[in-house]
């Protein structure tokens, strides 16, 4: 933690850390991944490999300073995220023997640690992309080397990355649980209700509002947010949890539903509900 703090506050230390650190690559916010057998891996590239890549595509090594510090290993190896959106996508993929994929599609196929780091990386990259100008003066803001803040040098305002609080809840009538799906979900997947907190709301108030907005007090579905909402029995949920892999693209409507993979908070809520119903 102290080492991370030092890198965030000291640009020189952060610049030196490039040499011992590893980099996650992105292309317009899509992470770089490699297929190894049935596994999907997120390669951590050394600084020397990044420099070689930049040189090949006639980019300055200073491009590395556009990266963001996103974590650190127990051995104090810093992790950085770098977006190469200015380079030719297919050429980079060919050079590194991999591909850039949408986070929504690759997230659940990654190991827990990689999924967390990649999510953090994309969120930080997006935040910096969306906050390049001061909201008060309209002047450009400049990030520190670690990417932990942006500064408007015109008036000294410092901007820090912000989070949007979210709640997720599993609704149950005792013997059944209510699961929902959005049109953007993979075919057949149902999940728990979730939504963003409004200003001034408590977490409990957000749950009440989201349940009312999305399914209605009489279970009428808000089709602008959801495609479907259904009550599932304990037996149906247990069967869904026992599935070891995602259904194939050829899965038809007759196939029983399935729940989010192990990295999802929704799955943990569903597992806890099943555990409570199973316990004597």
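Numbering (the working numbering), first residue to last: 484 to 763.
Just so it is clear, CB atoms sit at the ideal spot from N, CA and C, and this is done for glycine as well.
Please classify residue i as buried or exposed, where buried requires at least 16 other C-beta atoms within 10 Å of its C-beta.
i, result
"residue 646", "exposed"
"residue 707", "exposed"
"residue 626", "buried"
"residue 679", "exposed"
"residue 689", "buried"
"residue 710", "exposed"
"residue 748", "exposed"
"residue 672", "buried"
"residue 737", "Confidence at residue 737 is low in this model, with a pLDDT of 47, below 50, so its placement is unreliable and the value that follows should be read with caution. Flag for residue 737 reads exposed."
"residue 681", "exposed"
"residue 611", "buried"
"residue 657", "exposed"
"residue 495", "exposed"
"residue 702", "Unreliable positioning characterises residue 702 in this predicted model, as indicated by a pLDDT of 47, which lies under 50. A coordinate reading is not provided."
"residue 564", "buried"
"residue 531", "exposed"
"residue 499", "exposed"
"residue 550", "buried"
"residue 488", "exposed"
"residue 712", "buried"
"residue 504", "buried"
"residue 618", "exposed"
"residue 581", "buried"
Report all residues from its chain with a CB closer than 8 angstroms to the CB of residue i; omit the five preceding and five following residues, and keep chain order.
i, result
"residue 586", "512, 513, 514, 601, 602, 605"
"residue 735", "With a pLDDT of 48 at residue 735, under the threshold of 50, the modelled position of that residue is not reliable, and the figure given next carries that caveat. If we look at residue 735 and ignore the five residues flanking it on each side, it has no Cβ neighbours."
"residue 616", "622, 623, 624"
"residue 684", "692"
Could you give the C-beta distance for residue i and residue j, rounded to a whole number, given that I count them as a contact under 8 angstroms?
i, j, result
"residue 652", "residue 746", "Between residue 746 and residue 652 the Cβ distance is about 18 angstroms, and since that is not below 8 angstroms, they are no contact."
"residue 757", "residue 724", "7 angstroms"
"residue 720", "residue 697", "About 19 angstroms separates the two Cβ atoms, so there is no contact after all."
"residue 674", "residue 743", "5 angstroms"
"residue 509", "residue 562", "The Cβ separation is near 13 angstroms, so there is no contact."
"residue 714", "residue 661", "6 angstroms"
"residue 534", "residue 544", "6 angstroms"
"residue 539", "residue 578", "7 angstroms"
"residue 570", "residue 542", "7 angstroms"
"residue 644", "residue 607", "6 angstroms"
DSSP has residue i in a bridge; who is on the other side?
i, result
"residue 518", "523"
"residue 672", "741"
"residue 650", "678"
"residue 667", "For residue 667, which the question treats as bridged, DSSP gives no partner whatsoever."
"residue 632", "The partner list for residue 632 (beta bridge, DSSP) is empty, contrary to what the question assumes."
"residue 488", "Partner(s): none; residue 488 has no beta bridge."
"residue 641", "634"
"residue 529", "505"
"residue 660", "655, 715"
"residue 625", "634"
"residue 513", "510"
For residue i, which residues from the same chain have a beta carbon less than 7 angstroms from its beta carbon, with the 5 sequence-adjacent residues on both sides left out?
i, result
"residue 559", "486"
"residue 642", "614, 624, 632, 633"
"residue 595", "746"
"residue 522", "none"
Under 7 angstroms: does the beta carbon of residue i sit that close to some heavy atom of the ligand PLP?
i, result
"residue 592", "Because no ligand of any kind appears in the structure shown, any question about the ligand PLP cannot be addressed here."
Leaving out five residues before and five after residue i in sequence, what residues of the same chain have Cβ atoms less than 6 angstroms from its Cβ?
i, result
"residue 686", "650"
"residue 629", "490, 491, 497, 552"
"residue 760", "717"
"residue 637", "620, 622"
"residue 666", "710"
"residue 526", "517"
"residue 493", "none"
**Report entry** Minimum length 3: unbroken beta strand (DSSP E) runs contained in the stretch 532-586
**Finding:** 551-555, 561-566
Requested in this report: Would you list, in sequence order, the uninterrupted alpha helix (DSSP H) runs of no fewer than 4 residues that lie entirely inside the stretch 701-726?
Outcome: 717-724
Requested in this report: Counting only runs of 4+ residues fully inside the stretch 590-621, write out the alpha helix (DSSP H) ranges in chain order.
Outcome: 595-613
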